[in-house]
Structures are given as C-alpha cells and as structure tokens.
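Numbering-wise, the numbering used here puts 109 at position 102 of the sequence shown, and it's gapless, one number per residue. Let me begin by presenting the structure, written as structure tokens, before commenting on it.
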Amino acid sequence: MNKLDALKKMTTVVADTGDFEAIRRFTPQDATTNPSLLLNAARQSQYAELVEDAIAFGQRMGSSSEARTDAAMDKLAVNFGQRIAATVPGYVSTEVDAGLSFDTEGTIRKANSLLELYTQAGVDTSRILIKIAATWEGIQAARHLEKDGIKCNLTLLFGFNQAVACAEAGAFLISPFVGRILDWYKASTGKDYTATDDPGVLSVQRIYRYYKTHGYPTIVMGASFRNTGEIEALAGCDRLTISPALLEQLAADEGELPRALTPDQVSEEKHFSLPEANFRWQLNEDAMATEKLAEGIRKFHADYLALRGVLETR
C-alpha cells in the first residue's frame, strides 16, 4: 500500500487545488481553494469557459464597472466550486475576499451572497464551507454564520489562541498553516528542522490534542505543507489538505505510515476562554502568528485583486 492510500485510512484527505484533473486523479474526499489557486486556474485555457461565464454573469448583474466585476468574481468562485463539488463527494471550501478580514458584517453578507449563487447553481449548500481568515472579526462572523447553520473553515491560522477562539465560536473546521509556520522559524533562527521538531507540525499536534481533550467538535485540518515529512507526522489528524505535488509523492511512496495522532491522546493544558482583549493581546505577543496572519491576508488580497484584473481585461 502506498502512503497516500494508507493516509486515507486514518485521515480525510483534501485536495488543495483548483485543478479539476488533479482532483480526479487523487480522489480526495474534499477540496479547498483560495484566491491564489483560482488566479492560477483562471489563467489556464482549459478553464476559459468558467471565466467567460462569470464575466457574462457580471455584465448582466452589475450596474457599474465595479459592481459587474464584484458579481463576476463571486460567480467565478462559485463556478469553480460547482465543478469541484461534482468531482468530490464531500465538502468544498470557498474563500471570502481577504479584504473583508476585519469586517464582520461584510463577511457575513459575502458568505450569504456566495451561498445564494450556489443555490441558484443547484449545489447543496450543506457541502459548502465558507472560508474566512481567523482574525477576531472573522471568527465572530463564523460564530454568527454557524448559528445560522452555515459551516465555516477558519483559515490563515497560525497561533494557538486563534485555534481556541475558533473552537469557542463553534467553527466547523480550522486550517492551521503548517508550512508557513516552518518558513517563519527557519527565516528567524537560520535552523533546519525535521518533522519531529517542525514548529508547524508541533502547533497542529498541540491544537489537535487540546480539542480532543476538552471535547471540541471543531475539525482540525492541517494545511500549507512544505514536504511529505510534515504530512506523515500528522497522520491521524482529522483532515489534511494537500497540494497535488505532495499527493503525487505520497502515492509514489510504498513505505509504512504509522499513525501519529489519535483522539485519546491527552493535552496537559487546562481549558480556558478568550475574550476579545485577551485574544488580541496573545496574538500581539506571538510575533510569528501576527506576522504570518498579516502577510497571508495581504497575499490573498493581492491575488484577489490580480484575479479581478484578469476578469476586467477579458
């Protein structure tokens, strides 16, 4: 048995891509997208039909140039999500523009707008996860949406305090970014890390054990991997979202894959709550989480704007 098949026996494997062919090839349960992935896909000729359909939709719905592009952007995200939903049996994550990361009400409105488009497209919205940056404002938007029965994926999660706040808000799923945490520590310390002492891996292990020990149902989905060693060190985690390149490497590896995480593993950390002031202070005190969250928001928003540019010039 190859390691990908072995991993699927203990962890739900999620494809981190907007490439339909890669999704079909690796048969994941779920799939996630983000503005960077959609920007890459929209520039490829095989997806021109989805882009043109979104532009035509925007032309019909918008009363101004900006409104037409707004409508086209939402429709493009849903067009990709609809196609992915027809390819995987499980959940599809669709991301809210990172420019709304500090706007709770704007995030809620955008989530409802995207879900309305999914409904019009005939997609079962119970399979759609609204992907939101794990800022305080984003977490509060998720709290509201979850109460309305809308499942959320809290992304750009780097700090333990973010994970605690997400669980307390009742988030359906979180996406802690393993590889980006590793990037920060390598740049800061000049050290190389193995899977055993990888700070991103250790972060997800800590969150997973805390959730299981204290009875939080929020799903932990490790994301943003730099190598298969990180993935193997998290075998047994609820979900892992993995790029096609790393899925390929796992599928080609016939070695054994022992389970690293199990729900009965105990966290020694006591349960605690995080009001807003404490959340903001703890995030401020975590230089890695503060810097990577800000960087991630800027990068995703820049790619969102670049994608708008693609639509405006077609």
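Glycine is no exception: its CB is placed at the ideal position from the N, C-alpha and C atoms.
Item	Value
Is the beta carbon of phenylalanine 87 less than 9 Å from the beta carbon of tyrosine 54?	yes
Within the continuous alpha helix (DSSP H) that includes serine 195, where are the two ends?	185-196
If I measure Cβ to Cβ from threonine 248 and keep anything under 6 Å in the same chain, skipping five residues before and after, which residues do I get?	Val21, Asp23, Thr39, Met228 and Ala230
On the CB-based measure, 16 or more other CB atoms within 10 Å of its CB, does serine 100 come out buried or exposed?	buried
Which one of Ala267, Asp204, Glu123 and Ala13 has the shortest CA to CA distance from cysteine 244?	Ala267
Taking the CB atoms as reference points, tell me whether leucine 136 and alanine 84 lie closer together than 9 Å.	no
Would you call the region 190-204 and the region 307-321 in contact, with 3 or more CB pairs under 8 Å?	no
To the nearest angstrom, how far is it from the Cα of glutamate 153 to the Cα of glycine 177?	7 Å
Below 9 Å between beta carbons: does that hold for threonine 140 and leucine 163?	For the record, residue 140 in the displayed sequence is alanine; it is not threonine. Their beta carbons are under 9 Å apart, which means alanine 140 touches leucine 163 by this criterion.
Once DSSP output is grouped into helix, strand and coil, what is the label at glycine 236?	helix
Cysteine 159 by DSSP, collapsed to three states: which one?	strand
Just list the residues that DSSP pairs arginine 246 with in beta bridges.	Thr19 and Met228
My assumption, with CB atoms under 8 Å, is that lysine 158 sits in contact with phenylalanine 184. Please give the rounded CB distance.	Between phenylalanine 184 and lysine 158 the Cβ distance is about 20 Å, and since that is not below 8 Å, they are no contact.
Starting from alanine 38, trace the beta strand (DSSP E) both ways and give me its first and last residue.	37-39
Taking tyrosine 217 and serine 274 to be in contact with their CB atoms under 8 Å, please state how far apart those CB atoms are, rounded to whole angstroms.	4 Å
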